[in-house]
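Data block below; observations after.
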Amino acid sequence: MPRYRVWPSNRRPGSQVAEPGQGRIDAALIAAAQRVEHYEMAGYGCVRTFANLLGYTSAAKLLQETLDEEGGADKKLTELAETVIDIEAGEDEESEEEPAPKSKAKKSPAKK
Numbered sequence: 190m191p192r193y194r195v196w197p198s199n200r201r202p203g204s205q206v207a208e209p210g211q212g213r214i215d216a217a218l219i220a221a222a223q224r225v226e227h228y229e230m231a232g233y234g235c236v237r238t239f240a241n242l243l244g245y246t247s248a249a250k251l252l253q254e255t256l257d258e259e260g261g262a263d264k265k266l267t268e269l270a271e272t273v274i275d276i277e278a279g280e281d282e283e284s285e286e287e288p289a290p291k292s293k294a295k296k297s298p299a300k301k
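Add 189 to a position in the sequence shown, counting from 1, and you land on the number used in my numbering.
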């Protein structure tokens, strides 16, 4: 198995405030973490419902507490995404793609 160096020998975590494309990496990491939270919330929600239906109220209560914790983590990730990620971070980098048109609907001629 090949070995990968996480940090080049001349740089350490925190040595630079930002690098080109770092906002995109942060956004991707937050999105991945939110997918995990949503997956976990779906699982806990289903099991909690099954516990309620089968009469396991104490288990359902514990599962609801866990579900609430997962919801809190998801909320924190959303706040992080909304406050930390700079949408304009990638504008300095050249892009080969043109922005997609906003609408393909044909405009009718204006009547006078």
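Beta carbons: idealized from backbone N, C-alpha and C, even for Gly.
On a predicted model such as this, the values are computed, not experimentally measured, just so you know.
Does any residue of chain C bring its CB to less than 8 Å from the CB of A217? Checking the listed chains, one finds no chain C in this structure; it contains a single protein chain.
* Asked: Given a threshold of 16 other Cβ atoms within 10 Å of its Cβ, counted over all protein chains shown, does L252 qualify as buried or as exposed?
  -> buried
**Q.** Buried versus exposed, by CB contacts within 10 Å (16 or more), E226
**A.** buried
Can you give me the C-alpha to C-alpha distance between V273 and L242, rounded to a whole angstrom? 42 Å
Can you tell me whether DSSP reads G260 as helix, strand or coil?
helix
Worksheet item: Rounded to a whole number of angstroms, what is the C-alpha to C-alpha distance between V236 and R224?
Response: 19 Å
If you follow the alpha helix (DSSP H) that Y233 is part of, which residue opens it and which one closes it? 211-242
Pop quiz: A270 and A216 are said to be a contact at Cβ under 8 Å. What is the actual Cβ separation, rounded to whole angstroms? 7 Å
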